[in-house]
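S.K.: Chains as they are written, first to last, in numbering that gives the first Met the number 0: chain A, 0 to 192; chain B, 0 to 192. Note that beta-carbon positions come from the ideal geometry of N, C-alpha and C, so glycine has one too.
Number of protein chains: 2
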Amino acid sequence: MRNLLSLGATVALALIAGGIVTAETPETRMSRTAMSAAVDARLRVPDVDYRRHWVQLGSYSVLADEPTRGAKELHVVYAHPASVDAYRKTGTFPDGTILVKDVFVAKTEDLTTGTASYANVLVGRFVMVKDTGNKHAANSPLWGDGWGWAFYEGEEMRKTVTTDYQVDCLGCHEPARGTDLIYSQGYPVLKSR
Amino acid sequence: MRNLLSLGATVALALIAGGIVTAETPETRMSRTAMSAAVDARLRVPDVDYRRHWVQLGSYSVLADEPTRGAKELHVVYAHPASVDAYRKTGTFPDGTILVKDVFVAKTEDLTTGTASYANVLVGRFVMVKDTGNKHAANSPLWGDGWGWAFYEGEEMRKTVTTDYQVDCLGCHEPARGTDLIYSQGYPVLKSR
Chain A
0 MRNLLSLGAT VALALIAGGI VTAETPETRM SRTAMSAAVD ARLRVPDVDY
50 RRHWVQLGSY SVLADEPTRG AKELHVVYAH PASVDAYRKT GTFPDGTILV
100 KDVFVAKTED LTTGTASYAN VLVGRFVMVK DTGNKHAANS PLWGDGWGWA
150 FYEGEEMRKT VTTDYQVDCL GCHEPARGTD LIYSQGYPVL KSR
Chain B
0 MRNLLSLGAT VALALIAGGI VTAETPETRM SRTAMSAAVD ARLRVPDVDY
50 RRHWVQLGSY SVLADEPTRG AKELHVVYAH PASVDAYRKT GTFPDGTILV
100 KDVFVAKTED LTTGTASYAN VLVGRFVMVK DTGNKHAANS PLWGDGWGWA
150 FYEGEEMRKT VTTDYQVDCL GCHEPARGTD LIYSQGYPVL KSR
C-alpha cells in the first residue's frame, strides 16, 4: 500500500512538473473523498421525526397541468425550532440549519370548501443545510452558494440522487437568490409574532 | 338583590306549578349564562405561539374560482404535540384537544416549480375543542357533536363571530362525520411513523 501511494505520489509530482495537473496527490484525493463523504452525510434526511418535533415553515401548492384538477403537489418545509427562533431574531438561518422539504403528490377532492388538495403520497424530500462561509464547497459538489443540497426519492433517507447541486438544484432556486436562495415569502412563521 | 332573586324563584315555582315552564329558575338561568361564557372562553384562539410550538397536522389548498390562478386559500391546521401523540396511539383526539385552523388568502406566483400558491394574508381562524361525551353541549350553542366550534375573523383571538355551531359550522364538516367531523385524510403526521 505504501509503495502504491509512493508510486502514485511520484507520478503525480512528475505530472505537476510537466504542468499537466494541479498539486493534487492520491493522498489528498483520498482525503478529499473521505471528507466529501463526511460532509455529504450531513445532508441525509434527519432521523428525528421532524413532522412531529420540528416547525412547519410553510406549504406551497403547485397547480396541476390541468388546472381544474387543483394542486398536483404540496411542498411542505420544516426546520428545527432553534433555527426558527434564530431566524426571527436575525433574519437569516444560522450555520448548520437543516431544512427538509416534503414533496407530496396531492390528492384533490370536491369538498364543502371547494376543490381542495392535500398531501397524499411522498414523492421525495429535499434537504438543505446552511453552510455559512462555504466551508464545505471545496469538498463536495453537493455544497455551494452557502448551502448543502440533496434530494432523496420516496422514503429513502440516506442515499441521495443528487450528484451536483449546480446542475440538479440551483436552477430552481436561483430566482430566490435575494432571500438566500430560499422561497421564504411562503413561511409566515418566520415573521416575529 | 336577595329579594329580587327570592321573588324570581317564587314566580318560577308558580309557573312550574301551572305547568307553563320547565324547572328552570332565574338562578339556574343565570348560572347557565355564566357557564356558557366559561365554556365558550375555552374556544378562544390559544395565546401560545402555536405555529412555533405546536404540530402542523396538514394543509389544504382550495382552488381559485378561476382555476388557472392556482389556490385561493390555504388552510393550515395545528394541534398540541400531546394531542398528536395521543391520536397516533388511539386513532382519536383526547378530550380537550384544541385544533386551530389558519385560513389564509393564498398568493400565487409563477415559480420554477410551476404555478405555486402559499399562505399570505390571514382571513381568520377556526378553533375546535374536543368535548368527549358532549359535557358542554347543554350549556352553549357553540358546543355539540363532540366538539366546541368557533371562528375568529382576521387577527381576532377572543371574540368569535360564531353564534350556533349547527348553523355556522356543521354544514361544512358533516361529510367528515365518519372521521369524527375532521378531514383527517389530509394530516399525514397523524399516522404513526
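Give me, in chain order, the residues of the same chain whose beta-carbon lies closer than 7 Å to that of A:L141; leave out the 5 immediate sequence neighbours on both sides.
M.R.: On the first sequence, position 142 is the one that residue 141 of chain A refers to. If we look at A:L141 and ignore the five residues flanking it on each side, its Cβ neighbours are D39, L42, G147, W148, A149, T161 and Y164.
S.K.: Do you know how far the Cα of A:R176 is from the Cα of A:T32?
M.R.: Within the first sequence, the letter at position 33 stands for residue 32 of chain A. Within the first sequence, the letter at position 177 stands for residue 176 of chain A. Roughly 29 Å separates the two Cα atoms.
S.K.: Under the rule that 16 or more other beta-carbon atoms within 10 Å means buried, what is A:G69, buried or exposed?
M.R.: By 1-based counting over the first sequence, the position of residue 69 of chain A is 70. Buried is the call here.
S.K.: Checking the sheet assignment: what are the DSSP bridge partners for B:H74?
M.R.: The sequence position of residue 74 of chain B within the second sequence is 75, counting from 1. Note: B:H74 sits in a beta bridge opposite B:Y59 and B:V102.
S.K.: Compute the Euclidean distance between the alpha carbons of A:R157 and A:Y151, then round it to the nearest angstrom.
M.R.: Taking the first residue of the first sequence as 1, we reach residue 157 of chain A at position 158. Taking the first residue of the first sequence as 1, we reach residue 151 of chain A at position 152. So the two alpha carbons sit approximately 7 Å from each other.
S.K.: Within 10 angstroms of the Cβ of B:V20, are there 16 or more other Cβ atoms? Answer buried if so, exposed if not.
M.R.: Along the second sequence, read from residue 1 onward, the residue named residue 20 of chain B stands at position 21. Caution is warranted here: a pLDDT of 45 is assigned to B:V20, below 50, making its placement in the model unreliable, and no coordinate value can be reported.
S.K.: Determine the direct distance from the alpha carbon of B:L56 to that of B:T91, and round the result to whole angstroms.
M.R.: In the second sequence, residue 91 of chain B corresponds to position 92, counting from 1. In the second sequence, residue 56 of chain B corresponds to position 57, counting from 1. Spanning the two alpha carbons is a distance of roughly 14 Å.
S.K.: Between A:C171 and chain B, is the shortest Cβ-Cβ distance under 8 Å, so that the two count as touching?
M.R.: In the first sequence, the residue the question calls residue 171 of chain A occupies position 172. Taking Cβ atoms only, chain B reaches closer than 8 Å to A:C171, which makes this a yes.
S.K.: I need the boundaries of the alpha helix (DSSP H) containing B:V166, first residue and last residue.
M.R.: Taking the second sequence and counting its residues from 1, one reaches residue 166 of chain B at position 167. Element bounds for B:V166: Y164 to D167.
S.K.: Since A:Y86 meets chain B, which of its residues come closer than 7 Å, beta carbon to beta carbon?
M.R.: As a working mapping, residue 86 of chain A is identified with position 87 in the first sequence. The premise fails here: A:Y86 is roughly 11 Å from chain B at the closest Cβ pair, so nothing lies under 7 Å.
S.K.: Please list the terminal residues of the continuous alpha helix (DSSP H) segment that includes B:A118.
M.R.: Within the second sequence, the letter at position 119 stands for residue 118 of chain B. Taken as a continuous stretch (DSSP letters only), B:A118 belongs to no alpha helix (DSSP H), being part of the beta strand (DSSP E) at G113 to K129.
S.K.: Can you name the residues that DSSP bridges to B:D109?
M.R.: As a first step, residue 109 of chain B must be located in the second sequence, where it is residue number 110. For B:D109, which the question treats as bridged, DSSP gives the partners B:T114.
S.K.: Throw me the rounded Cβ distance for the A:L180 and A:G153 pair, which I believe falls under 8 Å.
M.R.: Looking up residue 180 of chain A in the first sequence gives position 181. Looking up residue 153 of chain A in the first sequence gives position 154. So it is not a contact: roughly 25 Å between Cβ atoms.
S.K.: On the DSSP bridge assignment, give the partners of B:A204 in chain order.
M.R.: Chain B is shown from 0 up to 192; residue 204 of chain B falls before or after that span and cannot be answered.
S.K.: Hey, out of A:P80, A:D64 and A:T67, whose CA is closest to B:V54's CA?
M.R.: Counting from one through the second sequence, the residue named residue 54 of chain B turns up at place 55. Of the listed residues, the one whose Cα sits closest to B:V54 is A:P80.
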